[in-house]
Structure formats: C-alpha cells, structure tokens
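What follows is a single structure, written as structure tokens, with notes after it.
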Amino acid sequence: MAVEYTSDEQIAFLQIVAKYPIIEEKRTDANAIEKKEAWANISIEFNAKSNVKRTITELKRHWERVKRDRKIVLANEWRELLATGDGEAVPVPPMEVEIEDHFEIDNIYDSDGIFMNQNLGEVAEVAETISPDSKNKGTDAASGSSGISSKRAKKRQLGPLEAITKARLELIEREKEQIVELHSLRMEEAQYRRDAAKLLLQQEQEKLRKLRNLRK
1 MAVEYTSDEQ IAFLQIVAKY PIIEEKRTDA NAIEKKEAWA NISIEFNAKS
51 NVKRTITELK RHWERVKRDR KIVLANEWRE LLATGDGEAV PVPPMEVEIE
101 DHFEIDNIYD SDGIFMNQNL GEVAEVAETI SPDSKNKGTD AASGSSGISS
151 KRAKKRQLGP LEAITKARLE LIEREKEQIV ELHSLRMEEA QYRRDAAKLL
201 LQQEQEKLRK LRNLRK
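For the sequence shown, UniProt numbering gives the first residue as 1, with consecutive numbering after it.
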C-alpha cells in the first residue's frame, strides 16, 4: 500500500517540480531525453528531503493527481461564476506553491471532458453580455423597462470571469486561424507538387521526342 504524502512532502514536491517546466512541454519537438533527465533530478531532490523514498513512476503519478485535483477545483470555481452570474464565487483554495505560476493547467474547464462541452454555449453567451455592444443594448433596454434595475445591469460586468472568457475565446480564434493557415500551406504544397510533376512530364516528353528524331 502506497504511503501518503505528508504536508511537508507536498510542499517540497511542488517546489521541486516548479523548477522543471520541461516536464509539461507540449511541443512535439520537446526533447524526451530532457524530460527524462528532469524527472530523474526531481526524484533525486525529492528523496533527499523525504524519509519515504519514491520512484520516478510514483512521482509522475502523484504529479498527475495534483494537476487533476487542481483542475477540478478551478472548474468548480468556473461553474460557480457561471451559476451566480455576478463574478462572485467561493475563492479557490490557495496552494502552498501555485502551480499555475509555473505550468499551464490545460483544459481546466472540461473536468475530464464533460464541463467544457456542456458550457461552450454559455461561454459564448457570457462573452456577448460583456461586449461593448451588448452592454449598450442592455443599457437601452434597462432605460425602456422598469423591470430591469441598474443593480441587475451592473451584474453583467462579471469581473474575473470576463478575463477568463476573453482568454478562452481568443484561444479558439487563434486555433481557427492556425487551421486556416495550415490548410493554405497544404494547398500551396499540393500545387507545387502538381507543377513539379507537370514539369517533369514535359521534360520526359521532350527527351522522348529528341530520341525519336535521332532514330529517323
């Protein structure tokens, strides 16, 4: 049975891991050897401070649990923000070492693939409510109807949720642009290959024509 990590071990582990961002490098050209060496160093440094020796595999599993638990906490805060609609949510419990300062906790909104799909529509709606045009429309509607108070209109300014929503939508737009650019590059490459094949065919036909003339 695995021995649980003490509070001191948890802090020490996060402090050590924070020094090696290479372990979370997502680029395809990231050096696997560097990642392997990083985990070896993490193991050495951690075991030097801990009474219980942990293998590299055990430390990797613990790191995945840390990220998973943190994603759940952040996703719960996101749900709370969407539910209240006023940007006021239960504060996220701080970590002794904020891993967000050192690593990008990707897909914090999906909660294992469920939350993101469920709320993409809500994200778009929230983004619309915080846009300048929507705010103006909301102001006009409020002035024309006694049923909407200035306090309710103020709640549309979602505070921290605005930054999260904008960042998410900007990421989606960048991904779309990258897809379009990649498609364009592939089309150019395909055209280049067609032109090269056509030129090669013309050269072969010219050689064949000259050979026939020599035989005559």
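Idealized CB from N, CA, C, for every residue including glycine.
Please confirm whether residue i and residue j have their CB atoms less than 8 Å apart.
i	j	result
residue 56	residue 43	yes
residue 39	residue 59	yes
residue 52	residue 17	no
residue 50	residue 25	no
Going by beta carbon distance, what residues of the same chain come within less than 6 Å of residue i, once the five residues before and after it are set aside?
i	result
residue 152	Caution applies to residue 152, whose pLDDT of 48 falls short of 50 and renders its modelled position unreliable; the model cannot decide the point.
residue 149	The predicted model places residue 149 with a pLDDT of 47, which falls under 50 and marks its position as unreliable, so this point remains unresolved.
residue 65	none
Determine the burial state of residue i: buried for a count of at least 16 other Cβ atoms within 10 Å of its Cβ, exposed for fewer.
i	result
residue 165	buried
residue 37	exposed
residue 54	buried
residue 167	exposed
residue 20	buried
residue 206	exposed
residue 216	exposed
residue 27	exposed
residue 212	exposed
residue 170	exposed
residue 176	exposed
residue 209	exposed
residue 70	buried
residue 34	exposed
residue 77	buried
Within a Cβ cutoff of 8 Å, which residues of the same chain sit near residue i, ignoring the five residues on either side of it in sequence?
i	result
residue 62	5, 13, 54
residue 132	Residue confidence is low: residue 132 scores 46 on pLDDT, short of 50, so the model does not pin down where it sits. No coordinate-derived value is stated.
residue 197	none
Looking only at its chain, what residues have a beta carbon closer than 7 Å to the beta carbon of residue i, apart from the 5 residues adjacent to it on each side?
i	result
residue 47	53, 54
residue 190	none
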